[in-house]
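To start, the structure under review is shown below, and the notes come after it.
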Amino acid sequence: MKQVKQGDIHERVLSRWPADWLVQQGLAIHNESGCWLQAIFRKHRKSFSYLEHIVALDSLLPESWNIATVLDEVQSIPTGIYGLHPVPQEEKSDQLVEYRASWQQLLECHGVKLARLSHQALYAWLYRHDRRWLLEFNRQHYQSRARENHRVDWPKRDRVTCRQLLKILSEQTWRLDSPRLSMRWYLSRLPTGAMVEKKLSKMPLTRLFFKRYCEDITDYQVRRLAFASGLLVQKEGTLRRWRLLRVAGLSDERLTSMSERLLSDVLED
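The sequence shown begins at 445 in the working numbering and counts up by one.
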């Protein structure tokens, strides 16, 4: 795309229109980026006054161009409504019945918003030719959907969720490589974790599960130490501190005080 030569445009406008007159009309021209003359030649959606357009056009178009001639041509255009081929009333009535039925079916399946987005032409036709019926039908549909009972069987949802969590727990408890079994981790494993987190107040069994089985840092470390010590005793027949920490994936710096006491007791035995 070629660059607009703002300097040349500036000179041509000033050579055609007196600077004093431009100032009087609020069309002063300067070299700053906010000048209307520079802005009108940029790609954007800003609107400009008719006078700004006339000043720019008259400065750039050939001398044969004349604003008076253009206005005369515009005034000669008929202002009546064009209806050379009106739709027969019978055909329009048939279309009305067909389009109403189509719109009713769409709303039953998808609702007003999705129906409008997916069938814009149908909505536009009904809005233009049958607006009162369309708006009234949409309003009734909104009300009927609002009155629908969308209750969730929370006790059932609670039981299903609790069974899902117990299954997850059974798969992870004695895996050395499993992460800390926190509430956030459990929720991330559920297909409806975000909903469960928001509706815990309605799910007592799920709350009880989290209270009983969610691990804090000490629980997590103890589980890994216990599992690692069992592996080492089975394979090597002895326990050494550095070896136990390495197998458990822990370090002295990260051990909590309770985990440290447990580790000391295990090594003393």
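By construction, the Cβ of each residue, glycine as well, lies at the ideal position given by its N, Cα and C atoms.
Helix, strand or coil: how does DSSP classify residue i here?
i: F492; result: coil
i: I747; result: In the structure as shown, the chain starts at 445 and stops at 713, and residue 747 therefore has no counterpart that could be examined.
i: Q519; result: helix
i: C553; result: helix
i: H563; result: coil
i: L471; result: coil
i: P635; result: coil
i: E542; result: helix
i: Q447; result: coil
i: N593; result: At N593 the pLDDT is 49, less than 50, meaning the model places this residue with poor confidence; the figure from the coordinates comes in the next sentence. Coil at N593, not helix or strand.
i: L505; result: coil
i: W461; result: coil
i: R684; result: coil
i: D574; result: coil
Count the other C-beta atoms from every protein chain shown that fall within 10 angstroms of the C-beta of residue i, then say buried if there are 16 or more, exposed otherwise.
i: Y567; result: buried
i: A590; result: Residue placement at A590 is poorly supported in this model, since its pLDDT is 49, which falls under 50; the coordinates still yield a value, given next. Under this definition A590 is an exposed residue.
i: A483; result: exposed
i: T682; result: exposed
i: T605; result: buried
i: S695; result: exposed
i: S701; result: exposed
i: R667; result: buried
i: S703; result: buried
i: A559; result: buried
i: S673; result: buried
i: L495; result: exposed
i: L669; result: buried
i: L471; result: buried
i: L579; result: exposed
i: L719; result: Here the chain comprises residues numbered 445 to 713, so residue 719 is not present and cannot be evaluated.
Could you tell me the distance, in whole angstroms, from the CA atom of residue i to the CA atom of residue j?
i: E592; j: H573; result: At E592, the pLDDT of 48 sits below 50, so the modelled position is not reliable; the number obtained from the coordinates is stated separately. Computed Cα separation, rounded: 31 Å.
i: R633; j: L711; result: 36 Å
i: R687; j: R603; result: 42 Å
i: G555; j: M627; result: 37 Å
i: S491; j: E542; result: 42 Å
i: V691; j: D660; result: 20 Å
i: V518; j: S459; result: 28 Å
i: Y586; j: D597; result: 24 Å
i: Q616; j: R583; result: 52 Å
i: P462; j: E455; result: 11 Å
i: G478; j: Q450; result: 13 Å
i: L561; j: Q548; result: 15 Å
i: Q469; j: P506; result: 24 Å
i: K487; j: H474; result: 20 Å
i: K557; j: A565; result: 14 Å
Determine whether the beta carbon atoms of residue i and residue j lie at a separation below 9 Å.
i: Q539; j: W569; result: yes
i: L644; j: T650; result: yes
i: H563; j: S537; result: no
i: V457; j: S508; result: no
i: L613; j: Y657; result: yes
i: F485; j: I453; result: yes
i: L481; j: A500; result: yes
i: F581; j: L610; result: no
i: L652; j: E641; result: no
i: Y571; j: R624; result: no
i: S647; j: R601; result: The sequence as given places Met at residue 647; Ser does not occur at that position. Against a cut-off of 9 Å, the Cβ pair of R601 and M647 comes out as a contact.
Considering only heavy atoms of the ligand FMN, does any lie closer than 8 Å to the CB of residue i?
i: A559; result: Only the bare structure without any ligand can be found here, which leaves the ligand FMN out of the picture.
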